[in-house]
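The block underneath contains the structure these notes are about, expressed in structure tokens.
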């Protein structure tokens, strides 16, 4: 395995991720908004964005599928077990692509 270092800022990395996958349905956990997402939404107004607080997903979101899940600036603020359950649940039930920042 090779180790690589990116010169991109977190916002640039998220912008590239959003542009690459162009999700129609996006699950955002943690942050309410950030510049890369705002720019993406302006360019892709048809994209549905569902917001959730850190921790177990509300029932209405837990029953849905998303093209991409973004977990932004929140895992360090919740218990490790809760974070692992959140990521595992999203991976298994809600989205095949997850980005954690």
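Numbering (this note's numbering), first residue to last: 1 to 101.
Where is the CB? At the ideal position from N, CA and C, for every residue including glycine.
Roughly how many angstroms separate the alpha carbons of residue i and residue j, rounded to a whole number?
| i | j | result |
| --- | --- | --- |
| residue 96 | residue 27 | 12 Å |
| residue 41 | residue 14 | 13 Å |
| residue 9 | residue 16 | 11 Å |
| residue 59 | residue 53 | 13 Å |
| residue 30 | residue 7 | 24 Å |
Nearest by alpha-carbon distance to residue i: which of the options is it?
| i | options | result |
| --- | --- | --- |
| residue 21 | 69, 79, 75 and 86 | 69 |
| residue 66 | 101, 8, 11 and 48 | 48 |
| residue 36 | 29, 24, 12 and 58 | 12 |
| residue 43 | 93, 98, 92 and 19 | 19 |
Within a Cβ cutoff of 8 Å, which residues of the same chain sit near residue i, ignoring the five residues on either side of it in sequence?
| i | result |
| --- | --- |
| residue 55 | 78, 82 and 86 |
| residue 101 | 10, 13, 14, 70, 71, 72 and 73 |
List in chain order: all unbroken alpha helix (DSSP H) runs of 4+ residues lying wholly within the stretch 36 to 87. 59 to 62
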